[in-house]
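> Right, I'll just put the structure down here and ask away after.
Numbering (the numbering used here), first residue to last: 17 to 256.
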């Protein structure tokens with residue numbers, strides 16, 4: 017069983033449990049039991065881990081590096097692979113609608129914890145070309161600051177991947193303030209039960225919470241896509 021999986025490692029995460037069972041001359045149930053003996057929840061757990069590891073740089077590859085450009089090219093090519101894999105997973109129609117709303121903004125704010133600062137910095141820099149000011153605020157700031165931000169910004173992007181902050185602290189905002197401004201809010205979260213009209217639901221992305229690397233890049237891809245649609249929207253408007 018182990019040999020079959022290792023021989024087929026390059027086919028993860030797309031290979032099915034049925035194919036592994038067939039190649040190992042056994043049943044899917046036996047494959048599942050074998051995976052659990054290795055400490056995984058099942059075959060899906062191994063698939064998810066190898067989805068992440070697929071983008072890793074192996075020690076064997078490092079040992080063969082003679083020129084820094086080799087490792088640089090390998091890493092940047094793998095980053096492109098990640099972005100290419102993530103691209104079709106997003107709801108592009110939804111992103112296009114948000115880009116249309118963003119195209120009328122002059123000042124936006126991103127509320128985030130430390131997890132989203134890298135992606136937010138990228139977003140902020142990209143928006144400079146559109147003369148849109150982007151403020152970054154720690155979502156753990158005093159609630160009065162967050163309320164004022166809601167009132168003063170044209171749009172608010174909230175990064176709350178687990179959804180816990182949204183359900184707990186955002187609900188402490190003055191009800192009237194929230195009602196007046198809720199159409200400005202775009203939430204980025206793995207929790208699809210938040211009940212907001214503009215919710216970027218990351219639960220469709222495999223391994224999202226299994227790897228900080230994957231979740232960080234997933235947020236960045238969203239912002240890159242959003243700015244890409246924004247550019248198209250602005251071009252349409254300028255041509256009218």
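For each residue, glycine too, the CB sits at the ideal point set by N, CA and C. Here the structure is a predicted model, which is why all the values come from computation and not from measurement.
Do you know offhand how far residue 96's Cα is from residue 191's?
Rounded to whole angstroms, residue 96 to residue 191 spans 43 Å at the Cα level.
> Do you know offhand how far residue 123's Cα is from residue 239's?
Approximately 16 Å, taken between the alpha carbons.
> First and last residue of the alpha helix (DSSP H) that includes residue 98?
Taken as a continuous stretch (DSSP letters only), the alpha helix (DSSP H) holding residue 98 covers 84-102.
> Kindly indicate the opening and closing residues of the alpha helix (DSSP H) around residue 138.
Segment 133-143, the alpha helix (DSSP H) holding residue 138.
> Between residue 143 and residue 243, is the Cβ-Cβ spacing less than 8 Å?
The answer is yes: Cβ separation under 8 Å.
> Here's a check: name, in chain order, each residue in its chain whose Cβ is nearer than 8 Å to the Cβ of residue 105, leaving out the five neighbours to either side.
Excluding residues within five positions, the ones whose Cβ falls inside 8 Å are 220, 221.
> Does residue 120 pass the burial test, meaning 16 or more other C-beta atoms within 10 Å, or should it be called exposed?
Exposed, since its Cβ has fewer than 16 Cβ neighbours within 10 Å.
> Determine which residues share a DSSP beta bridge with residue 217 and list them.
DSSP lists 205 as partners of residue 217.
> Using a 10 Å radius around the Cβ and a threshold of 16 neighbouring Cβ atoms, would you call residue 233 buried or exposed?
Buried: at least 16 other Cβ atoms inside 10 Å.
> Nearest to residue 151 by alpha carbon, out of 160, 170, 38?
When only C-alpha atoms are compared, the closest one is 170.
> Between residue 145 and residue 185, what straight-line distance do the alpha-carbon atoms span, to the nearest angstrom?
Their backbone Cα atoms lie some 33 Å apart in a straight line.
> Near residue 135, which residues of its chain fall below 7 Å by C-beta distance, leaving aside the five closest residues on each side in sequence?
Hits under 7 Å: 232, 235, 236, 239.
> Which of the three DSSP states, helix, strand or coil, is assigned to residue 59?
If DSSP states are grouped into helix, strand and coil, residue 59 belongs with the helices.
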